[in-house]
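Counting in the working numbering, the sequence shown runs from 57 upward without gaps.
Please read the structure below before turning to the comments.
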Amino acid sequence: MRKRLRLLACVLAASLLVTGCDRLSDEVQPGTSGAARTPRAAASKPAPAPHASVAVAARQGPAVVPGKVMLGAFVSIQGTPQGPALQLRRDQLGRDFRILHYYYEWNDPMPTSMPTVGAGQYALLSWRGPAYKQILSGSQDAWIAKEADRLAQYGKPVFLRWAWEMNGSWYEWGGAKNDSRPQDFIAAWRHIHDIFQAHNAKNVGWVWGPNWYSKPDLPWNAMGNYYPGDEYVDWVAISGYGDSSLNPNAIYDAFYDEFGARKPLMIAETGVLDRGGTTKPDWIGALSDWTKKHPAIAAVVWYDTDHSPGTEENFRLDSTPGSLEAFKTKLASDPYFGG
């Protein structure tokens, strides 16, 4: 495996609704200048997808906006409650995010109401998983059913991203920590999904979200081996962070080639390391340009925080005046990102 960037992040969400920690990913390593992974070469690319207007299964989860991209963020600013943090972003950008991202532990109760999610906004809930065996044994069925009931009671369309970055080695629910058996991930996903369906939680949009590279980088651990099947997935998402030496093409192209013609796509976690000068604003501009050239991308969600334990990196969109200006002009104020 080539040299990677690494991120060690465990973020305590500032929302009163969220009690769980975020992620322990090895996506970005502070102080390194990682070499880009060469995207997987494809024998033949799928035909270009129309903008992500693919109908979502028979559920009523969040729908795509044809010809537009929904812009979202995980907003967690050190020392600032989420209400004021969201107001700050509203004042800076002149708009609200369409998607608000929250992290939940496996044993956190799912919300039945979300006061910070206003009209016209969707919540993206990233729900940590236990080991596959716990789910497949049936021991978690009562808890899964209770969580399904809570989200059904919430009633509004909501994104649910269970056990993200399963093709990495850093999470309890990763294939590398579950006997190298992606097929068990698929079985666990389907099991949870079917319980939610049986409990009429049809407002849930199911977001399957691998990491942009696999660790270990072995054939059995390829991201596609974890795909639960079109009938069990509404959106396909990706986690991928960059810096000045790792551009959006290197991060997202292979993922897009594999899934762009199948489902609406979401960049569910992204951010960039600031290497000084205009490196961060330039990368934000490159992300905007890349997204416009890839019409199956229907949502982009920024990792907007300044307090990721284990790293000194600041992923806030306003970490510098230039970064804020780039985010505003290249993303927030661009009509293309007005979905």
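C-beta: ideal position from N, C-alpha, C; glycine also.
In this text the structure is predicted, and so the values were computed from the model without any measurement.
Output the distance between the C-alpha atoms of residue i and residue j, rounded to the nearest integer angstrom.
i	j	result
Q143	A175	15 Å
N267	V357	14 Å
M322	G194	31 Å
D345	V328	15 Å
Y188	R246	11 Å
K349	S300	20 Å
A388	W339	15 Å
G117	G333	41 Å
Q177	A352	20 Å
W226	Q148	35 Å
F383	T347	14 Å
V110	D290	For V110, the predicted structure reports a pLDDT of 38, less than 50, and the residue's modelled location is therefore unreliable. A value from the coordinates is still provided. Distance between the alpha carbons of V110 and D290: 9 Å.
D45	T326	An answer regarding residue 45 cannot be provided, because it is not within the stretch 57 to 395 covered by the chain.
L192	P284	15 Å
R154	K233	35 Å
A354	W220	18 Å
T136	W262	30 Å
D152	D235	43 Å
M279	G230	11 Å
H249	H363	33 Å
L302	R331	12 Å
F371	G394	22 Å
V214	L180	6 Å
E369	L127	22 Å
A129	W218	18 Å
R146	Y158	18 Å
P186	A244	10 Å
Y359	D374	12 Å
P377	N223	36 Å
S132	K124	26 Å
G316	A141	34 Å
G341	E381	10 Å
Q190	E228	11 Å
K336	Q138	24 Å
P275	Y282	12 Å
Residue i by DSSP, collapsed to three states: which one?
i	result
N281	helix
G298	strand
G224	coil
D345	helix
D362	coil
P269	In the sequence on display, residue 269 carries Tyr and not Pro. If DSSP states are grouped into helix, strand and coil, Y269 belongs with coil.
L80	Its pLDDT being 32, under 50, L80 is placed unreliably by the model, and nothing is read from it.
G261	strand
A317	coil
W245	helix
A254	helix
I326	The sequence shown places Thr at residue 326, rather than the Ile named in the question. Three-state result, T326: strand.
Q196	coil
P377	helix
P337	helix
A175	coil
G231	helix
R331	coil
L274	coil
N352	Checking the displayed sequence, the identity of residue 352 turns out to be Ala instead of Asn. Residue state, collapsed to three classes: coil.
K384	helix
N303	coil
A70	Since pLDDT at A70 reaches only 33, below the 50 mark, its modelled position is unreliable, and the value read off the structure follows with that caveat. A70 falls in the coil class under three-state DSSP.
R237	coil
K202	helix
D390	coil
K189	helix
For residue i, which beta-bridge partners are listed by DSSP?
i	result
E368	According to DSSP, E368 bridges with nothing at all.
N217	According to the sequence as given, residue 217 is Arg; it is not Asn. Paired residues: S182.
M166	Looking at the DSSP assignment, M166 forms no beta bridge with any residue, so it has no partner.
V289	Answer is none; V289 lacks a bridge partner.
V357	G128
Y160	W183
Is residue i near the ligand MG, judged by its Cβ being under 6 Å from some heavy atom?
i	result
G394	With respect to the ligand MG, the structure offers nothing, as it holds no ligand at all.
Nearest chain C C-beta to residue i closer than 7 Å, yes or no?
i	result
Q148	In the structure shown, chain C does not exist; there is a single protein chain.
(request) Any chance you could list the alpha helix (DSSP H) runs of at least 4 consecutive residues sitting entirely within the region 109-156, in chain order? (result) 138-149
(request) Could you say if the region 183-202 and the region 161-170 meet the contact criterion of at least three C-beta pairs nearer than 8 Å? (result) yes
(request) Taking 8 Å as the threshold, find out whether the region 287-294 comes into contact with the region 311-319 through three or more Cβ pairs. (result) yes
(request) Please confirm if the region 253-266 is in contact with the region 116-130, defined as three or more CB-CB distances below 8 Å between the two stretches. (result) Using a C-beta cut-off of 8 Å, the region 253-266 makes contact with the region 116-130, since at least three inter-stretch Cβ pairs fall below that distance.
(message) Whether or not the region 204-211 and the region 225-239 are in contact is what I'm after, with contact meaning three or more pairs of Cβ atoms, one per stretch, closer than 8 Å; do they touch?
(response) The region 225-239, when compared against the region 204-211, does not touch it at the 8 Å Cβ threshold.
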